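Take a look at the structure set out below.
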Amino acid sequence: MSYTEEVYAKVVAQNPNEPEFHQAVKEVLDSLKVVIDRNEEEYRRLSILERLVEPERIISFRVPWVDDKGTVQVNKGYRVQFNSAIGPYKGGLRFHPSVNQSILKFLGFEQIFKNSLTGLPIGGGKGGSNFDPKGKSDREVMAFCQSFMTELSKYIGADMDVPAGDIGVGGREIGYLYGQYKRIRGQYEGVLTGKGLSYGGSLIRTQATGYGLVYMLNEMVNAKNDTISGKTIIVTGSGNVAIYAVEKAQQLGGKVVAMCDSNGYIYDPAGIKLDIVKDIKEVKRGRIREYAERVEGASYTEGQGIWNIRCDIFLPCATQNELDLEGARILVANGCKYIAEGANMPTTLEATNYVMENGVVFMPGKAANAGGVATSALEMSQNSMRLSWTAEEVDQKLNRIMKDIFHKVDDASRRYGLEGNYVAGANIAGFEKVVDAMKAQGIV
Ligand code: NDP
Ligand code: 2IT
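Here the numbering used here runs 1 ahead of the position in the sequence shown, where the first position is 1.
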């Protein structure tokens with residue numbers, strides 16, 4: 002057995018019931034085999050991979066809060082502090098009923114390599130809760146956030162661990178979390194990113210993941226002497242990442258025809274009217290079905306199956322493993338040419354292999370959605386400097402970072418004779434910086 006296979010087998014044996022974590026580790030270790038093979042003895046002696054797959058620490062805690070009926074509710078809270086070799090732990094908080102340790106470990110593990118690719122000094126972490134913000138009143142969300150932060154505040158700080166948003170955590174939640182941190186710790190510091198503009202947030206952070214995804218897509222498409230303009234595009238999800246991916250894709254002349262939420266998908270052959278999606282999702286916190294009720298010519302289909310609509314470009318921006326082999330086969334059969342992952346690990350391993358074997362240009366999430374965390378790191382810089390950059394400045398930096406990531410990923414794939422395999426390129430390029438820092442810092 003190779004060193005990478007041995008470590009993968011150990012991960013599975015030692016972390017039972019964590020399928021998402023196994024999946025994320027497998028993808029990375031399979032990619033790293035070509036790197037490890039060149040110097041296997043040294044990597045083994047230093048147990049680099051064993052250290053890489055074991056979080057530095059996982060904090061898990063009880064989150065009691067009182068609902069509007071006066072009943073005490075209890076949720077699970079977590080923070081996975083995965084790797085601090087290149088900077089303070091950095092990564093979002095996810096509030097969704099599906100959250101468990103496996104999902105947060107997969108997200109924290111991915112974050113290590115993503116954050117490395119940004120070129121900025123941020124380590125990997127992730128956290129969250131199985132709390133479901135859907136259908137809760139603002140007061141209930143605040144009560145939950147305050148209780149969650151009361152415990153989490155012991156373990157984070159501007160130079161230690163800097164959480165941000167993810168699924169179910171947007172501007173409202175970050176505001177309540179920030180207020181409670183400040184109250185408990187008495188410090189006005191850049192401990193969270195994605196803050197409101199009136200209290201230390203960065204311009205463009207709200208848009209950054211979606212915009213960055215499309216900047217990356219633009220590089221992929223240009224590398225094939227092609228353009229986004231005129232292409233038919235599907236964007237899955239209708240949350241933060243999806244909405245701003247649609248916005249930028251439309252600005253570049255793409256035609257987005259479909260979006261979804263966890264209940265079903267909409268198809269608008271005339272092109273999605275984003276102001277209506279924003280009103281439904283950002284203002285009313287409603288369901289995507291309402292779009293078809295408001296827009297003539299648009300239709301709504303309950304359940305999964307958005308991939309049945311023909312597209313040139315597919316941008317999965319909802320959640321992990323949303324695109325499986327069956328969906329991938331249909332996309333390919335209908336002529337889809339490009340997939341860039343706005344969500345984290347939205348494509349199963351089988352589907353990823355299938356689309357890559359069938360000529361689809363595929364960019365994995367850890368490269369394609371890195372614009373969000375990169376702009377979070379820019380927010381940290383602005384907070385440290387006690388100043389704010391203009392929207393143009395931040396947007397330009399974001400664009401440059403996404404271009405740099407594309408070239409890092411592309412170069413790494415070429416160096417190992419894997420041209421066009423951006424999964425390998427992203428994992429290798431992300432790993433190189435982290436492993437260099439780990440070696441330099443000794444056995445820690
Ligand atoms: P939001 O909570 O804003 O939106 C999530 C969207 O995905 C909602 O439309 C939600 O629908 C939908 N969704 C969730 N689960 C499913 C499902 N099982 N099937 C179909 N749709 C589903 O989250 P974000 O937009 O912030 O995050 C989306 C993805 O992007 C996640 O994978 C996240 O980890 C990743 N990401 C986010 C970044 C950020 O800066 N926010 C940065 C990088 C990656 P519903 O309302 O029905 O739940
Ligand atoms: O998955 C991600 O990169 C995020 N949810 C954003 C993390 C961040 O710290 O901005």
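The beta-carbon is built from N, C-alpha and C at its ideal position, and this holds for glycine as well.
Quick caveat: nothing in here was measured; it's all calculated off a predicted structure.
Inset, instruction - Return the chain-ordered list of same chain residues with a C-beta closer than 8 Å to the C-beta of Arg288, the five sequence neighbours on each side being excluded. - result: Asp262, Asn264 and Ile281
Legend entry - Asn422 versus Ile157 - alpha carbon distance: 37 Å
Inset, instruction - List the endpoints of the continuous alpha helix (DSSP H) containing Lys256. - result: Counting along the chain, Lys256 falls outside any alpha helix (DSSP H), though it belongs to the beta strand (DSSP E) covering Lys256 to Cys261.
Inset, instruction - Could you spell out where the beta strand (DSSP E) holding Phe62 opens and where it closes? - result: Arg58 to Val67
Legend entry - Secondary structure, alpha helix (DSSP H): runs of 4+ residues fully inside the region 2-65: 4-15, 20-38, 41-46 and 49-53
Legend entry - Inter-stretch contact (C-beta, 8 Å, three-pair minimum) for the region 384-396 and the region 352-371: no
Legend entry - Which of helix, strand or coil DSSP assigns to Gly211: helix
Legend entry - Contact check, Val236 vs Val222, beta carbons under 8 Å: no
Legend entry - Which residues DSSP lists as bridging Glu286, in chain order: Contrary to the premise, residue 286 reads as Arg rather than Glu in this sequence. None, per the DSSP bridge assignment.
Legend entry - heavy atom of the ligand NDP below 7 Å from Val374 C-beta: yes
Inset, instruction - Return the CA-CA distance between His23 and Ala209, expressed in angstroms with no decimal places. - result: 29 Å
Inset, instruction - Would you kindly work out how many angstroms separate the C-alpha atoms of Gln252 and Leu316, rounded to a whole number? - result: 16 Å
Legend entry - Separation of Glu41 from Asp133, as counted between CA atoms: 45 Å
Legend entry - Rounded separation between Gln112 and Gly124 - CA only: 8 Å
Legend entry - Cβ-Cβ separation, Ala250 to Val215 (assumed contact under 8 Å), whole Å: 5 Å
Inset, instruction - Kindly provide the ranges of any alpha helix (DSSP H) runs that are 4 or more residues long and lie completely inside the region 60-139, ordered along the chain. - result: 102-118
Legend entry - Ile168 beta carbon near the ligand NDP (any heavy atom closer than 7 Å): yes
Legend entry - Spatial neighbours of Asp162 in its chain, beta-carbon cut-off 8 Å, leaving aside the 5 residues before and after: Arg80, Gln82, Pro89, Tyr90, Lys91, Gly126 and Tyr156
Inset, instruction - Could you check which residue in Ser199, Ala375 and Phe432 has the C-alpha nearest to that of Lys404? - result: Ala375
Inset, instruction - Could you tell me whether any non-hydrogen atom of the ligand NDP is closer than 7 Å to the CB of Thr210? - result: yes
Inset, instruction - Check whether the region 114-121 touches the region 138-155, taking contact to mean three or more Cβ pairs, one atom from each stretch, closer than 8 Å. - result: no
Inset, instruction - Measure from the alpha carbon of Asp269 to the alpha carbon of each residue in Val284, Arg286 and Glu291, then state which is nearest. - result: Glu291
Legend entry - Where Tyr245 falls: helix, strand or coil (DSSP): helix
Inset, instruction - Using 10 angstroms around the beta-carbon of Leu53, count the other beta-carbons present and answer buried if the total reaches 16, otherwise exposed. - result: buried
Inset, instruction - Classify Ser300 as helix, strand or coil using the three-state DSSP reduction. - result: strand
Legend entry - Same chain only: Cβ atoms within 8 Å of Asn1, ignoring 5 sequence neighbours per side: What is shown of the chain runs 2 to 445, which leaves residue 1 out entirely.
Inset, instruction - Go through the region 141-192 residue by residue and report every complete run of the alpha helix (DSSP H) that reaches 4 residues or more, in order. - result: 172-186
Legend entry - Limits of the unbroken alpha helix (DSSP H) element including Gly306: From DSSP, Gly306 is part of no alpha helix (DSSP H); its letter is neither H nor E.
Inset, instruction - Under 6 Å Cβ to Cβ from Ile37, same chain only, skipping five residues before and after it: list those, please. - result: Tyr4, Thr5 and Tyr44
Legend entry - Beta-bridge pairing of Thr233 - partner residues as DSSP gives them: Lys256
Legend entry - Asp139 burial status per 10 Å Cβ neighbour count (16 or more: buried): exposed
Inset, instruction - Determine the burial state of Ile314: buried for a count of at least 16 other Cβ atoms within 10 Å of its Cβ, exposed for fewer. - result: buried
Legend entry - CB contact flag (Leu326, Trp308, <8 Å): no
Legend entry - Buried or exposed (CB count within 10 angstroms, at least 16 for buried), Lys409: buried
Inset, instruction - Between the Cα of Ser377 and those of Thr353, Ala271, Val284 and Asn116, spot the shortest distance and give me the residue it belongs to. - result: Asn116
Legend entry - Close beta carbons around Lys398, own chain, < 7 Å, minus the five adjacent residues each side: Leu379
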